[in-house]
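Colleague:
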Amino acid sequence: MLERCFESARKARNAKEVRLDIELVEDANLQQLFRFIIDVFKFNSQLLADKHVEELLEKVLYVSRRTTRKPDLKGGITVIETLITYAELPQSLLKACLELLCSVYKHTLKKIKADNFHLESDICNIMWKLLISGDEDNKYTRQLLQEYDWSTFLEIIIKCANDVSDKEVRDFTNLASETYSNPTDYGDDQEGEEDNTHPSIPLRGVLLRLFDIRNDLDIIQRQETMAMLVRVGSKLPDDIAKGVIQYYEDERLLQPPSEDWKTSWEQLLDPFFRDKRRSSDLRKFTIRTIIRAYDYIAFMLPPDVQVGCAKFILEHMNEEADPDVLAVLADAAVNMVVEAPDELVEFVMDSFRVYLWEFIGVLPDHSSEHWDAAEHPISPSNVITKSLVRIFTRTFVCSAWKATKTYELILYVAGTNKCDMDARITAIKFLARLRSDANSALRINAAAEGESRELFPTSLWIEAAISLFQNCTDWEVLSYLLVHIGPQLCNHTLWKNCIPQIRLLRSVLCDQVRNGTVPEPPAYSSLKKADVAVCYFHILTMLVSYHHHFEKSEQDDMVKTFYLGIGSWDRTSKWCIHALTVCCHEIPDSTTKHLQNVVQKMSQIITQPNIAIHILEFLTHLVRLPNLYVNFRDDEFKMVFGVCFRYLQDSKMVDQHVGKPSSKPVDDLPQYVHALAYHVISFWFMAIKLEDREKFVPWIIKKLVHIDRFGRETLEEQALITIDMLHSRAYTDRDETGYQESFARDSDGEVTKRSWVIGGEMILTLETAARTGLTQMIKRRPSYTSYGVYRPHLIPPPRHQVPLLTGLAADAFYTSSYVGVLPEDIFQGLFTPVTLLSPSAVESSPWIKLPEDDATRRSVAMMDRASTVDSHRVGVIFIGEGQTNEQEILANVMGSADYTVFVEALGEGKLVRLKGAKMNLQGLDREFDSDGTHAICWRDRAVEMIFHVITMMPTDLEMDPLCINKKKHIGNDFVNIVFNNSGLPFRFNTFPSQFNYVYIVITPEARTTFVDTRDNVRLDQFYKVQVLTQPGFPETSPASETKIISGRGLPAYVRMLALNASVFCQEALG
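Here the sequence shown stands for residues 1 to 1070, numbered as in the UniProt record's numbering.
1. Going by C-alpha to C-alpha distance, which of 79, 54, 24 sits closest to residue 35?
2. Could you check if residue 195 is buried or exposed, using at least 16 other CB atoms within 10 Å of its CB as the buried criterion?
3. Write down the C-beta distance between residue 349 and residue 434 rounded to the nearest angstrom, noting that I regard them as a contact closer than 8 angstroms.
4. What is the rounded straight-line gap between the Cα of residue 1123 and the Cα of residue 758?
5. Considering only residues of the same chain and omitting the five flanking positions on each side of residue 997, which have a CB-CB separation below 6 angstroms?
6. In terms of residue numbering, what span does the alpha helix (DSSP H) encompassing residue 228 cover?
7. Indicate whether residue 207 and residue 240 have their beta-carbon atoms separated by less than 8 angstroms.
8. Is it the case that the Cβ atoms of residue 413 and residue 356 are separated by a distance below 8 angstroms?
9. So is residue 731 buried or exposed if we call it buried at 16+ other beta carbons inside 10 Å?
10. Count the other CB atoms, across all protein chains shown, that sit within 10 Å of the CB of residue 524; report buried if there are 16 or more and exposed otherwise.
11. Taking the Cβ atom as the reference point for each residue, do residue 290 and residue 254 lie within a distance shorter than 8 angstroms?
12. Restricting to Cα atoms, I'd like to know which of 942, 931, 939 is closest to residue 956.
13. In its own chain, which residues sit with a C-beta less than 7 angstroms from the C-beta of residue 1026, not counting the 5 before and 5 after it?
14. I need the DSSP call for residue 872, collapsed to helix, strand or coil.
15. Identify the continuous beta strand (DSSP E) that holds residue 910 and give its terminal residues.
16. Going by the CB atoms, is the gap between residue 533 and residue 569 shorter than 8 angstroms?
17. Measure the C-alpha to C-alpha separation of residue 281 and residue 294 and round it to an integer number of angstroms.
18. Let me know the alpha helix (DSSP H) ranges lying completely inside the region 755–808, each 4 residues or longer, listed in chain order.
19. Where residue 611 and residue 906 are concerned, what is the direct C-alpha to C-alpha distance, given to the nearest angstrom?
20. Compute the distance between the beta-carbons of residue 236 and residue 225, then report whether it is under 8 angstroms.
21. Mark residue 462 as exposed unless 16 or more other C-beta atoms lie within 10 angstroms of its C-beta, in which case mark it buried.
22. Grab the span of the beta strand (DSSP E) containing residue 947 for me, first residue to last.
23. Going by beta carbon distance, what residues of the same chain come within less than 7 angstroms of residue 963, once the five residues before and after it are set aside?
24. Do you know offhand how far residue 604's Cα is from residue 558's?
25. Leaving out five residues before and five after residue 1003 in sequence, what residues of the same chain have Cβ atoms less than 7 angstroms from its Cβ?
26. Let's see if you can read the secondary structure: which residues bound the alpha helix (DSSP H) around residue 499?
27. Tell me, which residues are paired with residue 935 by DSSP?
28. Which residue wins for smallest C-alpha separation from residue 426, given the options 407, 238, 648?
29. Under a Cβ-count criterion, where at least 16 other Cβ atoms within 10 Å of its own Cβ denotes burial, should residue 135 be classed as buried or exposed?
30. I'd like to know whether the C-beta atoms of residue 707 and residue 716 end up nearer to each other than 8 angstroms.
31. According to DSSP, which residues form a beta bridge with residue 435?
32. Work out the CA separation of residue 671 and residue 1035 for me, nearest whole Å.
33. Considering only their Cβ atoms, is the gap separating residue 864 from residue 942 smaller than 8 angstroms?
34. What is the DSSP secondary structure of residue 1116, reduced to helix, strand or coil?
35. Thinking C-beta only, is residue 606 closer than 8 angstroms to residue 1077?
36. Could you please give me the residues that DSSP links to residue 979 through a beta bridge?
Here's what the structure looks like:
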């Protein structure tokens, strides 16, 4: 029936010579028959025998092979699809059906000039259903696999894919969607079919199924299938695309010996990477695969081919806006540049340069389907900047040319306002890490890439920093510069060729501070202008160390800037005082010029809270530098004393109003302030010229008297000691006196001892030789003990004097038992007020004669054992190159040349022999030399310091491998000085101990080796000094923030830091 209807219709068409698109009655009958067959297969296929189905399908195939009309073809194709959907396609005719479909697509459709989209989609739909047959045996797929010629079949898929949008295929996930039209809804209502059919569903299904069965295909089919998937790559979902890319990599199609490896690169990059609509994850996967292939073959390629391949990979990098993808490209560029020829380096640098100049700040389209701002916390320009930093760190050792070109681009990023904020911060972070060793070898701090002895133009970086200080409006960039440029300025070797720029930087900063044009931080930062000013003063403090390059006027300008900063802003006073402490040692002439103004400024800010310690410590430094205050007049001395009196008064008010609210500022450490104030009074009084001291005594005593709340005048214990010191030093600058064991000879007679307590303030002991009256006087006062000898001038009696029983003329005078003078005679003659007008004055005088018994003698002897000066112990430790372990550090028996000079200067060149020493050695052995033969000691008129220098102590690693003998000293020292020549940061817990509260760490400004220091025998360099305190311990030192000090001023500066730290520990710990 079907064959006859078809022949009838064909004859009718040929007879009437009508157009193919005009339907005749015979055509209508044929289409009606097709619909009938479709309905039979759809609703009654189970009633048909297999042979009837085969016969009917053969007739349908017969008609479809011979027709060129679109309705006939659609009818035949729909029959096949219905049979697959509702019945079972006879396996014997599967090949014939496939051949028909391929023939229709390849030949027939090209002759039909109408829109063939739906026919193509139907063919693709049949292919899909054949591939995803639901039966377990999957016989359709198995039979399809036996067909070797897939080219037409794959061409069908490609043609269908080209007619569907990329997004529809990639993103449509419901393969069995209800919106997909029933394939048996055969009819002429094309508009309804378009509304209900989503052609991407079968296409996506075909692609997925082909990808799933790829391992079941033979090698030819698999190659053709993968080639087809690449050709429709823009339609592939990401998971399939990754599988295809992986196939190309696994099969070595992206590298030689594959003849088309370059073409394969292009085929993969076009749909999967260069298409910016693809997901970032797929694009990264694609380019990483190509980069891996390049890395694998680069070494075997000729140079021109290698450069060409690298350019091919990176050619569109300057157009990339996705930071994640850009990071992959930039990483590849970094790896290429390290070993690349100059041509490729120029290409990469040009690409980076173009990106930074033209595409800075360009972010991916936020409306893009794949863009997520949370996934991109870094800007694209920062990706480029970080890559530049990596190129520099990997090339500056081996190629100065590459590093210099990179350095210039980094400087551009740091200095331009066109760059993203994070990129500029990255650039400044890197630039602030640059350091130079003592031998001028450039290195990058906290990095292990190596060193370079090439001279890089660091002046460009300091010029960029100056420009930022003058013009930068980006707070984040400026704030990072403010914090990190100071530590970098400590490295003098890095800037040895940048002196003009250093001078300009000093000028710019000083001008901004004096003019009040310090940048104002934004409100969101929660910072104030004072915080920025503090950073300025930190930087200027580092610049003080360059004073030998400054004119005298520039040095004066720096000191002036610091003292103007005292009180100008909140919280700047402390840092300015610390800076002025450094100036006292580094630029004494300029400090002297402005010292009166400095002291006056300090006297004006004594009411500020938490500033007392810093002012008083400054004064303790200053008083030991007499050349600075040589021009002080009485008013300046009184200002110094006035500062101390005010702090003493405040501390008394605090004690008096304990538990009551007070409006007066109270320092956090009143005990230390109290001790420092009296220390300053004592030393500054002794600093006054001898002839001028007398007039200060009553004035100071009056200020030390305190009126309590009951109106009574009171003096605290320390005030009494200070007044005693005033009297003892008001008229003398003599050296100390000492006890003489044998002040009298045997001929002077037997010595008799008597002691008196005078006024409750002094114990006077007289040791009198009974024959001649020769007397040794010992005065024990609160602030000192003095010794003297009184020798009466005896003359023989006149010759005409009658013989006496006493005196030189008496015979008994020359016997050993003769007593001619008692100590009471000397006491009465020198100390007893005798007046004729008041005979009872002797009985009412304020002295008490002490009994001569064992208890008295023991008490007096105990007083004699107490030192007349404050004694402090400080450890001194040398850490050699690369040393970090406690045992190897304690085992050091010597240090570098500059360390040796420094240690000698701590004691001002004086060594003390330990054996038999009478002084307080703070635990050092004085009998058996077990702690060495000599010690470094230092003393002035009120303080004595004993330094426990571990390199001067014996080392016996066989008997004492852990150096316990050394550790017992430094482990119990509250304060230790560490000369850190290790090249590594010092860790506070290097020497575990409960009693080490303060470490004063000295580090050469440029990293040095032991060999480098051999010629540095005069401390001809600069050193970083920082005071580290135990966690929880207050930071009060002027070097709590790192200071840079010249070798010339280092010993005195560190000695005073150690002294104040030791005093603080003693006061804080009670």
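C-beta atoms are modelled at their ideal positions from N, C-alpha and C, and glycine is treated no differently.
Modeller: This is what the structure holds:
1. Position 35 of the sequence shown, counting from 1, holds the residue named residue 35. Checking every option, the nearest Cα to that of residue 35 belongs to 79.
2. Here residue 195 refers to the residue found at position 195 of the sequence shown. Its pLDDT being 39, under 50, residue 195 is placed unreliably by the model, and the measurement read from it follows with that caveat. Classification of residue 195: exposed, given that the 10 Å Cβ count is below 16.
3. Against the sequence shown, residue 349 aligns to sequence position 349. Against the sequence shown, residue 434 aligns to sequence position 434. Not quite, the Cβ-Cβ distance comes to about 20 angstroms (not below 8 angstroms), so this is no contact.
4. With the chain represented from 1 up to 1070, any question about residue 1123 goes unanswered, as that position is not in the structure.
5. As a working mapping, residue 997 is identified with position 997 in the sequence shown. Within the same chain, 974, 1030, 1033, 1065 come within 6 angstroms of residue 997 by CB-CB distance, once the 5 residues on both sides are set aside.
6. For the purposes of this step, residue 228 is taken as the residue at position 228 of the sequence shown. Counting along the chain, the alpha helix (DSSP H) containing residue 228 begins and ends at 219–231.
7. The sequence position of residue 207 within the sequence shown is 207, counting from 1. The sequence position of residue 240 within the sequence shown is 240, counting from 1. Yes, these two residues count as a Cβ contact at 8 angstroms.
8. Taking the sequence shown and counting its residues from 1, one reaches residue 413 at position 413. Taking the sequence shown and counting its residues from 1, one reaches residue 356 at position 356. Yes, the Cβ-Cβ distance between residue 413 and residue 356 is below 8 angstroms.
9. Position 731 of the sequence shown holds residue 731. Taking a 10 Å sphere around the C-beta of residue 731, we find fewer than 16 other C-beta atoms and assign the residue as exposed.
10. For the purposes of this step, residue 524 is identified with residue 524 of the sequence shown, where counting begins at 1. With fewer than 16 other Cβ atoms within 10 Å, it is exposed.
11. Here residue 290 is taken as the residue at index 290 of the sequence shown, counted from 1. Here residue 254 is taken as the residue at index 254 of the sequence shown, counted from 1. Yes, they are a contact pair.
12. By one-based count along the sequence shown, residue 956 stands at place 956. For the residues 942, 931, 939, the minimum Cα distance to residue 956 belongs to 931.
13. In the sequence shown, the residue the question calls residue 1026 occupies position 1026. Beyond the five residues adjoining it in sequence on each side, residue 1026 comes within less than 7 angstroms, by CB distance, of 1001, 1039, 1042 in the same chain, given in chain order.
14. Taking the first residue of the sequence shown as 1, we reach residue 872 at position 872. Residue 872 falls in the strand class under three-state DSSP.
15. Numbered from 1 along the sequence shown, position 910 holds the residue referred to as residue 910. Unbroken run through residue 910: none, as it is neither H nor E.
16. The residue given as residue 569 occupies position 569 in the sequence shown. The residue given as residue 533 occupies position 533 in the sequence shown. Yes. Within cutoff.
17. By one-based count along the sequence shown, residue 281 stands at place 281. By one-based count along the sequence shown, residue 294 stands at place 294. If you take the alpha carbons of residue 281 and residue 294, they lie about 20 angstroms apart.
18. Along the length of the region 755–808, whole alpha helix (DSSP H) runs at least 4 residues long do not occur.
19. The residue you call residue 611 lines up with position 611 of the sequence shown. The residue you call residue 906 lines up with position 906 of the sequence shown. If I take the Cα positions, the gap works out to 28 angstroms.
20. The sequence position of residue 236 within the sequence shown is 236, counting from 1. The sequence position of residue 225 within the sequence shown is 225, counting from 1. Pairing residue 236 with residue 225 gives a Cβ-Cβ distance that is not under 8 angstroms.
21. Against the sequence shown, residue 462 aligns to sequence position 462. That one is buried.
22. Locating residue 947 in the sequence shown gives position 947, where the first residue counts as 1. Run containing residue 947: 943–949, per the beta strand (DSSP E) assignment.
23. The sequence position of residue 963 within the sequence shown is 963, counting from 1. For residue 963, where only same-chain residues beyond five positions count, the Cβ hits under 7 angstroms are 887, 890, 891, 955.
24. Walking along the sequence shown from the start, residue 604 turns up at place 604. Walking along the sequence shown from the start, residue 558 turns up at place 558. Taking the straight line from one Cα to the other gives about 21 angstroms.
25. Here residue 1003 corresponds to residue number 1003 of the sequence shown, with the count starting at 1. These residues qualify, in order along the chain: 980, 1023, 1024.
26. If you number the sequence shown from 1, residue 499 lands on position 499. It spans 499–515 - the alpha helix (DSSP H) in which residue 499 sits, taken as one unbroken run.
27. By one-based count along the sequence shown, residue 935 stands at place 935. When DSSP reads this structure, residue 935 sits in a beta bridge with 912.
28. Translated into the one-based positions of the sequence shown, residue 426 becomes position 426. By alpha-carbon distance to residue 426, the top candidate from 407, 238, 648 is 407.
29. Indexing the sequence shown from 1 puts residue 135 at position 135. Because the pLDDT at residue 135 is just 44, under 50, the model does not fix this residue reliably, and the value given afterwards should be weighed accordingly. Residue 135 is classed as exposed because its beta carbon has fewer than 16 other beta carbons within 10 Å across all chains shown.
30. Along the sequence shown, one-based indexing puts residue 707 at 707. Along the sequence shown, one-based indexing puts residue 716 at 716. No, the Cβ-Cβ distance between residue 707 and residue 716 is not below 8 angstroms.
31. In the sequence shown, the residue the question calls residue 435 occupies position 435. Beta-bridge pairing links residue 435 to 443.
32. Here residue 1035 corresponds to residue number 1035 of the sequence shown, with the count starting at 1. Here residue 671 corresponds to residue number 671 of the sequence shown, with the count starting at 1. C-alpha separation (whole angstroms): 15 angstroms.
33. Numbered from its first residue, the sequence shown carries residue 942 at position 942. Numbered from its first residue, the sequence shown carries residue 864 at position 864. No, the pair does not count as a contact, with Cβ atoms beyond the cut-off.
34. Lying outside 1 to 1070, the shown extent of the chain, residue 1116 is not represented and no answer is given.
35. In the structure as shown, the chain begins at 1 and stops at 1070. Residue 1077 is therefore absent and cannot be evaluated.
36. Sequence index remark: in the sequence shown, residue 979 carries index 979 (1-based). In the DSSP secondary-structure assignment, residue 979 is bridged to 878, 1002.
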